[in-house]
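Participant: To convert a position in the sequence shown, counted from 1, into the numbering used here, add 704.
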Amino acid sequence: MTLDHVAARPRKRRFGRVAEAVAYAAVSRSRLYEWAKKNQKLFRKNGNFTIVDFEVLDQILDELPVADLKPSPD
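#1: L760 and K745 look like a contact to me (Cβ under 8 Å); what is the Cβ gap, rounded to whole Å?
#2: Using a 10 Å radius around the Cβ and a threshold of 16 neighbouring Cβ atoms, would you call L736 buried or exposed?
#3: Helix, strand or coil for R733 per DSSP?
#4: Where does V756 fall in DSSP's three states?
#5: Straight-line CA distance for Q763 to W739?
#6: Considering K749, what are the terminal residues of the beta strand (DSSP E) in which it resides?
#7: I need the straight-line Cα distance from F719 to D757, nearest angstrom please.
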């Protein structure tokens, strides 16, 4: 049995622009820059462009606390 007929899953990109990281993480640009101050590997420079390492961003997001949601009164 071959998997030739199965569509290949698109691979998540390792790096992206700041605007893409803001949309991906659902945070403000300011918050992203705050995280970059604490995690120096988050941003890289490519010439004049700042790019974001999505692997590092995923690690930061994974470290965020789980939301403690209270049940709504009925």
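Think of the CB as a built atom: it goes at the ideal place given N, C-alpha and C, for glycine as much as any other residue.
Facilitator: Checking against the coordinates, here is how it stands:
#1: Note that residue 760 is Val in the sequence shown here, rather than Leu. The pair is a contact, with the Cβ atoms about 5 Å apart (cut-off 8 Å).
#2: Classification of L736: buried, given that the 10 Å Cβ count is 16 or more.
#3: Helix at R733.
#4: Note: V756 maps to strand in three-state DSSP.
#5: Rounded to whole angstroms, Q763 to W739 spans 11 Å at the Cα level.
#6: 747 to 750 is the extent of the beta strand (DSSP E) around K749.
#7: C-alpha separation (whole angstroms): 5 Å.
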